[in-house]
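Participant: Take the sequence shown: its letter number 186 is residue 180 in the numbering used here, and every next letter is one higher.
We put the CB at the ideal spot given by N, CA and C, even for glycine.
Since this is a predicted model, take the numbers as computed values, not measurements.
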Amino acid sequence: MRGSLASTVAFVAGRWGCASLLLLAVPALSAIPAHGLVSFDEAQLVDPSQGMAGESDNDGGITVAGDGTGIWIAAWHSFSAPAVGQIVYSRSTDNGATWSVPSVLDPGPGDRPDLATDGAGVWIAAWSDSGLARSIDNGISWSGVPMPPSYRGDGHTLATDGSGAWVLVWHSTETLGATIGIDHDILVARSVDNGLTWTAPAALNTDAASDDPSPSSVNDDRNPSLSTDGAGMWIAVWQEENGPDEAIVSATSSDNGATWSSPVAVGSGGTGGGEPDVETDDAGLWVVVWDGSRLADTGQDFDILFSRSTDAGASWSGAATLNATAASDTADLISDGGARIATDADGNWYCLWTSANGLNAGLGDDLDVLVARSTDAASTWTFPSALDPDARGDSGSDRVTSVAFDGNGNWLAAWSTFDVSTNDIDVRVAASQDHCPSVPVVGCLSPAIPGRGRVMIRNRHDGRSKIKWKWIAGEETTLADLGDPSSSSDYVLCLYDEIGGQPRLDLEQDLLAATGCKNGPCWQATSSGFKYKDRSRRHNATDSARLKAAEAQKAKVKVRAVGPTLGPPNLPLSQATTVRVQLNNLETGACWETVHTTSTRNDSEYFKARSD
-5 MRGSLASTVA
5 FVAGRWGCAS
15 LLLLAVPALS
25 AIPAHGLVSF
35 DEAQLVDPSQ
45 GMAGESDNDG
55 GITVAGDGTG
65 IWIAAWHSFS
75 APAVGQIVYS
85 RSTDNGATWS
95 VPSVLDPGPG
105 DRPDLATDGA
115 GVWIAAWSDS
125 GLARSIDNGI
135 SWSGVPMPPS
145 YRGDGHTLAT
155 DGSGAWVLVW
165 HSTETLGATI
175 GIDHDILVAR
185 SVDNGLTWTA
195 PAALNTDAAS
205 DDPSPSSVND
215 DRNPSLSTDG
225 AGMWIAVWQE
235 ENGPDEAIVS
245 ATSSDNGATW
255 SSPVAVGSGG
265 TGGGEPDVET
275 DDAGLWVVVW
285 DGSRLADTGQ
295 DFDILFSRST
305 DAGASWSGAA
315 TLNATAASDT
325 ADLISDGGAR
335 IATDADGNWY
345 CLWTSANGLN
355 AGLGDDLDVL
365 VARSTDAAST
375 WTFPSALDPD
385 ARGDSGSDRV
395 TSVAFDGNGN
405 WLAAWSTFDV
415 STNDIDVRVA
425 ASQDHCPSVP
435 VVGCLSPAIP
445 GRGRVMIRNR
455 HDGRSKIKWK
465 WIAGEETTLA
475 DLGDPSSSSD
485 YVLCLYDEIG
495 GQPRLDLEQD
505 LLAATGCKNG
515 PCWQATSSGF
525 KYKDRSRRHN
535 ATDSARLKAA
545 EAQKAKVKVR
555 AVGPTLGPPN
565 LPLSQATTVR
575 VQLNNLETGA
585 CWETVHTTST
595 RNDSEYFKAR
605 SD
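1. Using a Cβ-Cβ cutoff of less than 7 Å, which residues in the same chain neighbour Leu406 once the five nearest sequence positions on both sides are dropped?
2. When DSSP labels each residue in this structure, what does Ala398 get in the three-state scheme?
3. Restricting to Cα atoms, I'd like to know which of Arg595, Asn236, Trp280 and Phe296 is closest to Thr304.
4. Apart from the five residues just before and just after Leu15, which ones in its own chain have a Cβ nearer than 6 Å to its Cβ?
5. Grab me the residues of Gly264's own chain with a C-beta within less than 6 Å of its C-beta, minus the 5 sequence neighbours each way, in chain order.
6. Can you have a look at Ala570 and say buried or exposed, based on whether 16 or more other CB atoms are within 10 angstroms of its CB?
7. Would a C-beta distance cut-off of 8 Å place Asn564 and Asn453 closer than the cut-off?
8. Compare the Cα-Cα distances from Thr369 to each of Ser391, Leu499, Gly561 and Asp131 and report the closest residue.
9. To the nearest angstrom, report how far apart Ala467 and Gly495 are at their CA atoms.
10. Quick check on Gly171: buried or exposed, where buried means 16 or more other Cβ atoms within 10 Å of its Cβ?
11. Would you list the residues sitting across from Thr274 in a DSSP beta bridge?
12. Touch check for the region 128 to 135 and the region 154 to 162: three-plus C-beta pairs under 8 Å?
13. Nearest by alpha-carbon distance to Pro195: which of Gly261, Ser124 and Lys464 is it?
14. Which residues bound the beta strand (DSSP E) around Ala610?
15. Quick check on DSSP: helix, strand or coil for Ser24?
16. List the whole-angstrom C-beta distance separating Thr614 from Ala543, where the pair is believed to meet the contact cut-off of C-beta under 8 Å.
17. Run the CB neighbour count on Phe601, radius 10 Å, all protein chains shown included, and call it buried at 16 or more, exposed below.
18. Quick one: which unbroken alpha helix (DSSP H) runs of 4-plus residues sit fully inside the region 448 to 515? Chain order, please.
19. Only counting runs of 3 or more residues, tell me where the beta strand (DSSP E) segments fall wholly within the region 146 to 231, in order along the chain.
20. List the whole-angstrom C-beta distance separating His165 from Gly175, where the pair is believed to meet the contact cut-off of C-beta under 8 Å.
21. How many Å lie between Thr99 and Phe73 at the Cα?
22. Who are Asn579's beta bridge partners in DSSP?
23. Check Asp611 in the structure and name its three-state DSSP category.
24. To the nearest angstrom, how far is the alpha carbon of Leu506 from that of Ala408?
25. Measuring alpha carbon to alpha carbon, tell me which of Trp347, Ala371 and Arg367 ends up nearest Leu361.
26. Nearest CA to the CA of Ala259: which residue from Val282, Glu273, Leu364 and Asp275?
27. On the DSSP bridge assignment, give the partners of Leu381 in chain order.
28. Report all residues from its chain with a CB closer than 6 Å to the CB of Trp343; omit the five preceding and five following residues, and keep chain order.
29. Comparing alpha-carbon positions, which option in Ala225, Gly268 and Thr253 lies nearest Val231?
30. Would you mind sorting Ser410 into buried or exposed? The rule is 16 or more other CB atoms within 10 Å of its CB.
31. Does the Cβ of Thr246 have 16 or more other Cβ atoms within 10 Å, making it buried, or fewer, making it exposed?
32. Might you give, ordered along the chain, the residues of its own chain that have their beta carbon closer than 8 Å to the beta carbon of Pro515, omitting 5 neighbours on each side?
33. Within a Cβ cutoff of 6 Å, which residues of the same chain sit near Glu545, ignoring the five residues on either side of it in sequence?
34. Looking at Leu109: is its Cβ nearer than 8 Å to the Cβ of Val161?
35. Let me make sure I understand the geometry here. Which of Gly79, Gln44 and Arg85 has the alpha-carbon closest to that of Gly64?
36. Counting only the same chain and skipping the five closest in sequence on each side, list residues whose C-beta sits under 7 Å from that of Leu23.
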């Protein structure tokens, strides 16, 4: 499912849908990307024709991967009349900003593709049922890889170590010549020549020959996920069903998938288990997410659980609840599921999942994609927020299928959505680049009078989170410093907390140039600078900003962001010793900052402070 360079996750049909309904020295501003703390751009259709009247294909199961050089590929299945699922793909060479016209990878039948790349031009796509294709020119052209019938099955997922070794796993009822049972087991095949040839399928779960003692027994192994650290260790996780009981288990391989350990239980203390996803930071930490419940704190509905391993999968921590809304969204209609996870390998993690939680009616009652992030090696997670600004007003159900990081500061999220205007299912993506530097910039302009800079953060999981930042009575600011955000000057708001004197980026909010809003351009020139107004918050949570160039003590900057798409940091902030807020102009290099070593309120709901 993932290569060591491109962390990619793919949708596996389960309790969240069937195949036909699948629904981010002193450095310069751009010197060190702040991996992991991104704000996703406005969502777009990969294929714009999907939004046209008369287009009725049902598209879903989209997966994305990037190679770190700007190239991304998206693959998905498309069902049209007659209902034969063909596999199609599209390429982007500008980090997901624009996409090529889709091409057919396989005419079908097939669905739920997965993608991986070695970062050096080789890409492999796999899909159900037994489809496999390979590209050696960064996805420009593809050739099919013949696979025998024993490769048939579902949930195909693959990964590569970036050095020629590839592993493919899936679930299947194939008995491999009557050597294993007739129930679903996890099968594996390997390639050590960059996908040119593959070994015969073998059982990955070591109990495959004994866990189905009779035709009447039910002991299915399904929905595998696979990851590798690129240094010889591979971990597969899957959903083990034993009658009415479900659990998440894992197995490890240190020989490129040739042999696997016996299954080990993941996340003790959780009830049920479905659609697991595994990822590693390539530095010894492995994390699994899945949908299940812990009746002590999640109620009867399904929520997002997670477990961590620091010993290469030999043992796992007990199940913990990832979504902070678990204790309050206990109604059956507010179940959460289909979690997908990715990391930048710098201690920052993103988890995306599908939920009917309207965040206190901020999102309506349809299914939307929620997101939470961790900046402490997946130990704690922020309150969930909506990924897509459209979630505030759309009525079509969304189902997350993929989130990926390309190893070079770029993220892409992908999902399927029911389009009520065309009455079909389309696939959408949202791209992001890390714009904040990982440590604060020095030499920023400050308020000329102490106490005139202010910051307020309200952190709530009911859709009413907010951040207000004011830089007032500031040092002299010129029009040249401001640039021209109505055409070319991108801005980014960055908030840094400190822990033991070491800065940690805790929030990024983009204000991109030349953006369009409901009634015209978001940015408007004024007599002394610029103002930004987006009351519909169609791009992200930022709804207003003001930039005023003036002499010392008269210059002014204000930014406000609010609503269910704002993902503020967990509170209280550490402030040991400093909280620092900066607004950076990515074109001119100018920046404005407030520094806060004390606060007037710092608890689980609010942070309020004046500048030093």
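Facilitator: Result, derived from the coordinates:
1. By the criterion of a C-beta distance shorter than 7 Å, Leu406 is surrounded in its chain by Val58, Gly60, Trp66, Gly90, Ala398, Val423 and Ala425, once the five residues flanking it on both sides are discounted.
2. In the structure shown, Ala398 sits in a strand (DSSP, three-state: E or B).
3. Considering only alpha carbons, the answer is Trp280.
4. Only weak support is given to the placement of Leu15: the predicted model assigns it a pLDDT of 30, under 50, and the value that follows is read from those uncertain coordinates. Beyond the five residues adjoining it in sequence on each side, Leu15 comes within less than 6 Å, by CB distance, of no other residue in the same chain.
5. So the list reads Gly286, Arg288, Leu299 and Ala313, once near-sequence residues are dropped.
6. Under a 10 Å Cβ-count criterion, Ala570 is classified as exposed, with fewer than 16 other Cβ atoms of the shown protein chains found around its own Cβ.
7. Yes, these two residues count as a Cβ contact at 8 Å.
8. Of Ser391, Leu499, Gly561 and Asp131, the smallest CA-CA separation from Thr369 is found for Leu499.
9. The straight-line gap from Cα to Cα measures roughly 28 Å.
10. So Gly171 ends up on the exposed side.
11. In the DSSP output, where bridge partners are listed per residue, Thr274 has Trp280.
12. At 8 Å Cβ cutoff, the stretches do not touch.
13. That would be Ser124, whose Cα lies nearest to the Cα of Pro195.
14. Nothing can be reported for residue 610: it is not among the residues displayed for the chain, which extend from -5 to 606.
15. Model confidence at Ser24 stands at a pLDDT of 34, short of 50, so the residue's coordinates are unreliable; what they give is reported in the following sentence. Of the three classes helix, strand and coil, the one that applies to Ser24 here is coil, per DSSP.
16. With the chain covering -5 to 606 only, the question about residue 614 has no answer from this structure.
17. So Phe601 counts as buried.
18. Whole alpha helix (DSSP H) segments, 4+ residues: 473 to 476.
19. 148 to 154, 160 to 166, 179 to 185 and 213 to 222, all fully within the region 146 to 231.
20. Between Gly175 and His165 the Cβ distance is about 13 Å, and since that is not below 8 Å, they are no contact.
21. First, the residue type needs correcting, since residue 99 is Leu and not Thr in the sequence shown. Approximately 14 Å, taken between the alpha carbons.
22. Beta-bridge pairing links Asn579 to Tyr485.
23. Any property of residue 611 remains undetermined from this structure, which presents the chain solely from -5 to 606.
24. Rounded to the nearest whole angstrom, the CA to CA distance from Leu506 to Ala408 is 21 Å.
25. Cα-wise, what sits closest to Leu361 is Trp347.
26. Ranked by Cα distance from Ala259, the first of Val282, Glu273, Leu364 and Asp275 is Val282.
27. Per DSSP, Leu381 has no beta-bridge partner at all.
28. Only Thr337, Ser368 and Ala372 meet the Cβ criterion.
29. Comparing Cα positions, the closest option is Gly268.
30. Taking a 10 Å sphere around the C-beta of Ser410, we find 16 or more other C-beta atoms and assign the residue as buried.
31. Looking at its Cβ environment, which holds 16 or more other Cβ atoms inside 10 Å, Thr246 is buried.
32. Within its own chain, the residues whose Cβ lies closer than 8 Å to the Cβ of Pro515, once the five positions on either side in sequence are excluded, are Ser480, Ala508 and Thr509, listed in chain order.
33. Counting only Cβ-Cβ distances below 6 Å, and skipping sequence neighbours, we find Glu470.
34. At least 8 Å separates the beta-carbon of Leu109 from that of Val161.
35. Each of Gly79, Gln44 and Arg85 was checked against the Cα of Gly64, and the nearest Cα belongs to Arg85.
36. Unreliable placement is indicated for Leu23, whose pLDDT of 35 sits below 50; the coordinate value is still reported in the next sentence. Non-local beta-carbon contacts of Leu23 in its own chain, meaning distances under 7 Å to residues more than five positions away in sequence, involve Pro431, Val435, Asn578, Leu580 and Gly583 in chain order.
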